[in-house]
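*Asks:* Take a look at the following structure, please.
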Amino acid sequence: MKRSDTTFTNIVLLLIISAGVAYLIHRSKVLEGFEQRKQEKEQLPIDAVIYINLDTRKDRDDEIKAELNRIGMPEDKIFRLSAVKRSWGALGCSLSHIACLKIIEERGWKRTLVLEDDAGFEDGDANRWSTGIKDIKSLINSSGTTDLDSKWDVVFLGGFVRDPKGPTETEYKTIFRTKNTSCTHAYIIRGSYAPKLREHTEIAVQMMIKNPPNVKQFNLDNAWSALMAEDRWFISIPTLAFQRESFSDIEGKAANADQPLRGQVVRAWKQGTLLN
2 MKRSDTTFTN IVLLLIISAG VAYLIHRSKV LEGFEQRKQE KEQLPIDAVI
52 YINLDTRKDR DDEIKAELNR IGMPEDKIFR LSAVKRSWGA LGCSLSHIAC
102 LKIIEERGWK RTLVLEDDAG FEDGDANRWS TGIKDIKSLI NSSGTTDLDS
152 KWDVVFLGGF VRDPKGPTET EYKTIFRTKN TSCTHAYIIR GSYAPKLREH
202 TEIAVQMMIK NPPNVKQFNL DNAWSALMAE DRWFISIPTL AFQRESFSDI
252 EGKAANADQP LRGQVVRAWK QGTLLN
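According to the working numbering, the stretch in the sequence shown is residues 2 to 277, in order.
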C-alpha cells in the first residue's frame, strides 16, 4: 500500500474514532432531549386539576400523581383535596365532590378537571389521546364562559354511558352529548356552572341522609342525571380516562371498572342496551 493511501486510511479511522467518542460523551444529552420530545403530550385545556384522595390512601395518592406526571400536567396546576371520610362511602364521595366545587367557585377557575384518585389516563395510544384532547379544546375554545354564551357545562373523560339510544353525535368526532352517564372519576367542569352543580348535589345529599343506603337514586352520578337531561353534558368516546383496579373505600372491596370503561360500555350503547 502506498504511503499516501495509508495516511488517508489513518485519517478516516481517526475521524471515525473521534465521532464515536463525541457521541459517547454527548449520548446522555441526546437521549434526554429525545425522551423529552417523546413524552410531550397534547395538554388538556384547563386552569387546574383537583384530585380527591383520602388521607389514609397514600398508595392512591402516589398513583394519581404518577398518572398526572405521565401526561405532562404542570405541578402548579395540581391540587389535592383531602377526601371526606364517612362510614357510608357514597355519602363521603358526594361531600368530597361538593368540596371540590366550592374550591372552584372560590378560586374563580374557568375550567377545572376533577379526578378521583383511582383515575387512569388512556394516553398509551398517542393518536387516541391527541385526537380526543384536540376535540375537547375545540369545543371549549369555541365557547364562551358564561351560562349565556357557553356551549358546554361538563365534559366526562370517561364513564358508563346509559343513554337508552346512545349518546348524540356532535360536530366533533370524539365528543358526544349525553343525558345519562355514570361514574365521576374524571370530568372537566365550567367554572360558572359549578354553583348550580354544587347546589344540586347538596340537595341530593340531604335526600341521601333521609333515605337508607340501599336507595341509590340520590348517589352522586344518579343524582346528576337530572341535570344532564336539561344542560350541556358531553363525554369523550373513545374514553380518555378509566378507573384503575384497586381496593375501593366506597364499595369496601376491590373494584375494577377498567374493562367496561374501555370497551364494553361503547358496545352496549351501540347495541341500544341500557347499562344499570
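Glycine residues also receive a C-beta, built at the ideal position from the N, C-alpha and C atoms.
Do you know whose CA, among I53, H98 and E76, lies nearest P196's CA?
*Replies:* Sequence index remark: in the sequence shown, residue 196 carries index 195 (1-based). The shortest Cα separation from P196 among I53, H98 and E76 belongs to H98.
*Asks:* Which residue comes first and which comes last in the alpha helix (DSSP H) that contains E107?
*Replies:* The count along the sequence shown starts at 1 and reaches residue 107 at position 106. Unbroken alpha helix (DSSP H) run through E107: G90 to R108.
*Asks:* Hey, how far is the Cα of I18 from the Cα of M74?
*Replies:* What you label residue 18 is simply residue 17 of the sequence shown in a count that begins at 1. What you label residue 74 is simply residue 73 of the sequence shown in a count that begins at 1. Distance between the alpha carbons of I18 and M74 is about 42 Å.
*Asks:* What is the DSSP secondary structure of Q244, reduced to helix, strand or coil?
*Replies:* Stepping through the sequence shown from its first residue, residue 244 is reached at position 243. Looking at Q244 - three-state DSSP - the assignment turns out to be strand.
*Asks:* Per DSSP, what kind of secondary structure is G192 in: helix, strand or coil?
*Replies:* Along the sequence shown, one-based indexing puts residue 192 at 191. Reduced to three states, the DSSP call for G192 is helix.
*Asks:* So what does W234 bridge to, in DSSP terms?
*Replies:* The residue you call residue 234 lines up with position 233 of the sequence shown. Looking at the DSSP assignment, W234 forms a beta bridge with V155.
*Asks:* State the Cα-Cα distance for the pair L15 and T8, rounded to the nearest angstrom.
*Replies:* On the sequence shown, residue 15 is found 14 positions in, with the first residue counted as 1. On the sequence shown, residue 8 is found 7 positions in, with the first residue counted as 1. For L15 and T8, the distance between alpha carbons rounds to 11 Å.
*Asks:* So, is K180 buried or exposed, given that buried needs 16 or more other C-beta atoms within 10 angstroms?
*Replies:* Position 179 of the sequence shown, counted from the first residue, corresponds to residue 180. Buried, by the Cβ-count rule.
*Asks:* Can you give me the start and stop residues for the beta strand (DSSP E) that S131 sits inside?
*Replies:* Taking the first residue of the sequence shown as 1, we reach residue 131 at position 130. Where S131 is concerned, there is no enclosing beta strand (DSSP E), although the alpha helix (DSSP H) it sits in stretches over A127 to N142.
*Asks:* Just grab the DSSP bridge partners of N54 for me.
*Replies:* In the sequence shown, residue 54 corresponds to position 53, counting from 1. N54 pairs with S83.
*Asks:* Going by beta-carbon coordinates alone, are R81 and Y52 separated by less than 8 Å?
*Replies:* Here the question's residue 81 lines up with position 80 in the sequence shown. Here the question's residue 52 lines up with position 51 in the sequence shown. Yes, these two residues count as a Cβ contact at 8 Å.
*Asks:* Say whether the region 109-123 touches the region 185-193, bearing in mind that this needs 3 or more beta-carbon pairs closer than 8 Å, one atom from each stretch.
*Replies:* At 8 Å Cβ cutoff, the stretches touch.
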